[in-house]
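As structure tokens, the structure follows; a few thoughts come after it.
Protein chains: 4
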Amino acid sequence: MIKAGIIGATGYTGAELVRMLSVHPDVELTVITSRQYEGTPISDVYPALSERCELVCEAFDTKTFCDRVDIAFTALPHKIPMDIVPGLLEGGVRVVDLSADFRFRNVGQYEDWYQPHTAPEISEQAVYGLCELNRDEIRTARVVGNPGCYPTTILLALVPLLKAGIIKADGIISDSKSGVSGAGRGLSLGSHFCEANESFKAYKVDGHRHRPEIEEVLSAAHGADVEITFIPHLIPATRGMLSTIYCTLADGKTEEDARKALAETYDSSHFVRLREKGAVPDILHVQHTNFCDIGLASDPRSGRLVVMSAIDNLLKGASGQAVQNMNIMAGLDEKAGLY
Amino acid sequence: MIKAGIIGATGYTGAELVRMLSVHPDVELTVITSRQYEGTPISDVYPALSERCELVCEAFDTKTFCDRVDIAFTALPHKIPMDIVPGLLEGGVRVVDLSADFRFRNVGQYEDWYQPHTAPEISEQAVYGLCELNRDEIRTARVVGNPGCYPTTILLALVPLLKAGIIKADGIISDSKSGVSGAGRGLSLGSHFCEANESFKAYKVDGHRHRPEIEEVLSAAHGADVEITFIPHLIPATRGMLSTIYCTLADGKTEEDARKALAETYDSSHFVRLREKGAVPDILHVQHTNFCDIGLASDPRSGRLVVMSAIDNLLKGASGQAVQNMNIMAGLDEKAGLY
Amino acid sequence: MIKAGIIGATGYTGAELVRMLSVHPDVELTVITSRQYEGTPISDVYPALSERCELVCEAFDTKTFCDRVDIAFTALPHKIPMDIVPGLLEGGVRVVDLSADFRFRNVGQYEDWYQPHTAPEISEQAVYGLCELNRDEIRTARVVGNPGCYPTTILLALVPLLKAGIIKADGIISDSKSGVSGAGRGLSLGSHFCEANESFKAYKVDGHRHRPEIEEVLSAAHGADVEITFIPHLIPATRGMLSTIYCTLADGKTEEDARKALAETYDSSHFVRLREKGAVPDILHVQHTNFCDIGLASDPRSGRLVVMSAIDNLLKGASGQAVQNMNIMAGLDEKAGLY
Amino acid sequence: MIKAGIIGATGYTGAELVRMLSVHPDVELTVITSRQYEGTPISDVYPALSERCELVCEAFDTKTFCDRVDIAFTALPHKIPMDIVPGLLEGGVRVVDLSADFRFRNVGQYEDWYQPHTAPEISEQAVYGLCELNRDEIRTARVVGNPGCYPTTILLALVPLLKAGIIKADGIISDSKSGVSGAGRGLSLGSHFCEANESFKAYKVDGHRHRPEIEEVLSAAHGADVEITFIPHLIPATRGMLSTIYCTLADGKTEEDARKALAETYDSSHFVRLREKGAVPDILHVQHTNFCDIGLASDPRSGRLVVMSAIDNLLKGASGQAVQNMNIMAGLDEKAGLY
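Protein chains in written order, with the working numbering: chain A, 14 to 352; chain B, 14 to 352; chain C, 14 to 352; chain D, 14 to 352.
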């Protein structure tokens, strides 16, 4: 049995980790921590977890944590993980970090959009945990930077197309939509029921921090800089995320070529489902699962390819992919515990 | 033209008042105040109101307020109105107060559930603004205590039945359900979209402050103490309120007698709609209106009468009824401005 | 491995069965049938099931079905199961029926509310599949009548209280609320998004067919006839059900006595969670699980006990409880496959 | 008083017309027709309309209809209006048609996407009822083709920009999102609550019939053919529509130029509200109103302009704009009856 611990267990992504790991067949969840809820049973914070997890939230202490844990999940606000992770590594613990702190190989990029990085050398060696595309590196990684939710939808859809030369690298637009849980459990007017219900709008139209993350991975896949236009929106639903991505087919390429490239890439990947011609992904089909559904359409007049990609933002977009990363790191069945 | 002002214009009930009064044919909205948003145009706080109301939120000052206003709406948290209203009256302004401060004739009851009252003599002379039942007193009132939302559903349904002796006064249960806007615009975990969406639960099961308000009016109607069991619930919808009220038919009385008593009471009342036999009120039918829909069912085996009563909690349950009260006070058409 | 088949796999309860049984550790799902979708892969009907279940819907044929199945789930409209089940039993197949056809020991009662029964002797010997209360009989049952959703909420809450004499048997009221999926996947104006969204209303106020089912079991528990008032409502949510039940404490009994009686009954029952004093069940806490959450409140003035009981109507209220029944019948861990 | 009639009053757009016209200060609603509900009071079909409109649905008969009506609203499925409208015109009645039958000047385009047109000469002379842009022609029109909902969002946003040469005419993409009411009141699996709730997906990705309507008007504004990519999506909300439109700024043009061009165009148009820099339209702000909110963002790296445009699909996208058209045709205040 792998011994796992969660640092920051009481946000939405932390709670999803608790839910999954507490019944994972190959994992024993040994520690959960929370500053805000120290001393409180997790089932008091999330009554849905009672009879499922009996753990009590602890304060985080590197030494006592590392003594009981093989793999740590850090489900914390950006900036905190880069202070904590070095100690975990010293303590012999491998890490799946759900924040942005270890997603960038180009630390300067991170610093432009977030803040100064206090553990840049770790970030440079960390592995970007997009499971289906980076499996081999993840297997042996000491630190996995678990991808952002928007990047997961866009990168799973576009990386194979760029690599195979099916689409042009310029002029890509992603019109993306997320359920409200993506904003977390913290209180804000935008997450107030009466403001989000029956609402639909764009946000962060002047630049969302997931854009540089997406561009770094697309650029690496393309072998040259890729810039995209990225506009996120808020769906009046709790969970789910859909990106509708507009790109231009390379000369002579067709929707069918795109379908083939994706099919080849994901043939043996359980969690990416390619929809057949004419079918569209729906967040309803992926909610409460770790699947990413990808569908295609094209506009012959303009030569545009439309790629639609849907996930559950809390699972494949966060905690589900984190568990999948742990499964890969630990040599388990990639699907273990991900029902 | 009546000159109206709103003290506390930026909560949900305040904003509804602005929305209605800014197009009311017989009213000029002259002042709106807000502590939090002093100096900010209301249309910045509520973009829905732009091109509808150009007013800027002011700090409240008794003198300058009274100079420009005939009737004031106080849409403030409990406790503040009792400090402000005496000054408004001295300034010659009539008041519709949307808080609980002036709903009780029995000030002791208020003090048991809220806090010490600093203007008890005003409260004792204020009129309870349940329009359909207290029209005559409202006409000449200087201060109207605008009813709570739950009380409005229950009292409009039960007072005529109690007065006509159709139902027994004991054993009444109201299982009531409210949209989330009833909790206001303030931030709380219970109003977080991800906690309220796809949720349904009871709350304040150990005693909600609307219960004494309901009981005072029922007792007055019955001529003796009436005690009810009252359990409120939260509906995953923005607006709307439904009370399902269980009572016992008096000996020899029938559902048809109840229907007749209600029909007679509300025959000439535009805003109370009695549903015919077999039809049920639905919050969908009253949303964005000032109507109260009442329906009846009965269980012949137990002699129980089931009364269902639906309103929009922000309109007939708050701001709509407040405007209706103003219309009555000012001798206008009761429906004016209430489309 | 138990071989299981589902007759009627394409309604909401059928699809939930497919979802669970396709990853159940001790079960092989061998056959699924559908008249409407014969020849269609279930993953075309429910794209959410792709990569999870590769089965194709078949027409139902008793012989070929029985050859491949140990336990059958009949997820069909009332009336069809009573024609099919005799053949299944002859074929040596045990049955969990999700319709009302085998819920009644008193077949006359069934016939009053549904239609003439064509297999009354089977119905009389069938076991009512309320797992926590009828475990022993279920273990050896050939036919289990899987309880209705409303009955599950009410009976799990009240049977222990009645048996222990904590509450009086008369005057019980259940104000119950269900998510829209309870009405099934068939098209109707009431299930149209624009009619159900932001809506809340009672329905079937003149008598819902779950009432006699509830009363039969309560009466058996009490040892004398019990009649209840039962008013169902529709919640604008997909899944979840809450019953708020009003009863009267027996002389000298308290809320604490009720809590003890429930705690003793469900002490070793994983799927019933008793909420502590002051906590209320929320459908959000049980969605996508097989749990039933029960909470208590009381009104000392009236001697009333308020019992709140929440489930996911598609799981503990239908398919989850059906799997639990199968687990018990097959001698498996009661929780197997019910994550 | 203008005498108005509605042909097809029982769909969602018909009901909205009834709601508005029954309290319109300058209009008497004299006739409503419905094939399905002939003889039924509209308030039985829509209980929300009781005490608001006492009319009973009639069968449509040209003669008796024309005798009582000055202006007709045809709120019917495509194809029916082209059979009915010629008779209305002969009867001296002016028409606002809410179907697509009279939206196209190029009848061949209509016939490519819908069906053969039986009144092409009327269609060629009809006026496209985009109020803010075609006011003068609408004033004297005998037949107004009321715009589609998606076209309204896109055309109000883009026509001024194209005319002023702020954006390039090629490469325009509209990623559009609509509330479920856009699909009408007819029953379909896609409008089933459990399929639409908590769902989000694209639809008609191979070509939606609003695209040629949009392109015809854009082409006329541009003076040359304009082709767009248009992908509609479904929002899990009853009402509201948002288009996020991606276009390319013409050489040397800026977001500020775009803002100025829109401001000049809509300066005296009450119902188009231009959001200031940084603010985004939200369907919540326009629900239950006739406003269209437009916001702008730009991506300096790519030279892209992002135009966001929000309406209530049933009001500015259908019945509200129809009433606005009637107001213009009848020389009334454009805002009359549109609160």
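Ideal placement from N, C-alpha and C gives every residue a C-beta, glycine not left out.
query	result
Mind reading off the beta-carbon distance from D/Pro164 to D/Glu226? Whole number of angstroms is fine, and I expect it under 8 Å.	5 Å
Does at least one heavy atom of the ligand HEM sit under 7 Å from the Cβ of C/Ser282?	With respect to small molecules bound, the structure shown includes none, and the ligand HEM cannot be examined in it.
Would a check of beta-carbon distances place C/Phe213 closer than 8 Å to chain D?	no
If we ignore side chains and look at the alpha-carbon of each, how far apart do D/Glu228 and D/Ile324 end up?	20 Å
Need the endpoints of the alpha helix (DSSP H) that A/Ser232 sits in, please.	His223 to His235
Can the beta-carbon of D/Ser191 be found less than 8 Å from the beta-carbon of D/Ile258?	no
Taking C/Phe86 as part of the beta strand (DSSP E), name the residues at either end of that continuous run.	Ile84 to Thr87
For D/Lys348 and B/Leu143, I'd like the C-alpha separation in whole angstroms.	33 Å
Taking CB distances under 8 Å as the criterion, tell me whether C/Lys181 reaches chain B.	no
Flag B/Leu231 as yes if its beta-carbon sits less than 8 Å from any beta-carbon of chain C, otherwise no.	no
What is the residue span of the alpha helix (DSSP H) that C/Cys79 lies within?	Thr75 to Asp80
Looking at chain B, is there any beta carbon in it that lies within less than 8 Å of the beta carbon of D/Tyr352?	yes
Do A/Val82 and A/Thr46 come within 8 Å of each other at the CB atom, strictly closer than that value?	no
Among B/Leu262, B/Ser232 and B/Asp188, which has the Cα closest to the Cα of B/Tyr216?	B/Asp188
Applying a beta-carbon distance threshold of less than 8 Å, which residues of chain B neighbour A/Ser204?	His205, Phe206 and Cys207
Are there three or more Cβ pairs, one per stretch, closer than 8 Å when the segment 270-281 of chain C is compared with the segment 30-39 of chain A?	no
With DSSP run on the structure shown, which of helix, strand or coil describes B/Met14?	coil
Excluding the five sequence neighbours on either side, which residues of its own chain have a C-beta within less than 6 Å of the C-beta of A/Ser56, listed in chain order?	Leu62 and Ser63
Where does the unbroken alpha helix (DSSP H) through D/Phe206 begin, and where does it stop?	Phe206 to Ala209
What residues in its chain sit with their C-beta under 7 Å from that of A/Pro38, if we drop five residues either side in the sequence?	Ala349 and Gly350
Across which residues does DSSP place A/Met254 in a beta bridge pair?	A/Ser191 and A/Ile324
Buried or exposed, going by whether 16 or more other CB atoms sit within 10 Å of the CB of B/Gly291?	exposed
Within the same chain, show all residues whose beta-carbon is closer than 6 Å to that of D/Ser282, passing over the 5 residues directly before and after it, in chain order.	Glu145
Could you check whether B/Ala250 and C/Phe213 sit closer than 8 Å to each other, using their CB atoms as the reference points?	yes
Could you tell me whether any Cβ in chain D is nearer than 8 Å to the Cβ of C/Ser326?	Checking the sequence, you will find Asn at residue 326 of chain C rather than Ser. So no, C/Asn326 is outside the interface.
By DSSP, does A/Arg399 sit in helix, in strand, or in coil?	The displayed coordinates of chain A run from 14 to 352. Any statement about residue 399 of chain A would go beyond what the structure contains.
Kindly confirm or deny that the segment 322-336 of chain B and the segment 151-163 of chain B touch, where touching means at least three C-beta pairs closer than 8 Å.	yes
Hey, is D/Gln300's beta-carbon within less than 8 Å of any beta-carbon in chain A?	yes
Verify the CB distance criterion: does A/Val239 have a CB-CB separation below 8 Å to chain D?	no
Quick one: residues in its chain with C-beta nearer than 6 Å to the C-beta of A/Ala310, no 5 flanking neighbours on either side, listed in chain order?	Val319
Quick one: Cα of B/Ala28 to Cα of B/Gly178, how far?	40 Å
Taking the straight line between their C-alpha atoms, what separation do you get for A/Pro129 and A/Thr23?	26 Å
Does A/Tyr279 come out as helix, strand or coil in the three-state DSSP assignment?	helix
Any C-beta of chain D sitting closer than 8 Å to the C-beta of C/Thr43?	no
Under 8 Å, with one C-beta from each stretch per pair, do the segment 332-347 of chain B and the segment 92-104 of chain B reach the 3-pair mark?	no
Is B/Leu111 close to chain A, meaning its C-beta is less than 8 Å from at least one C-beta of that chain?	no
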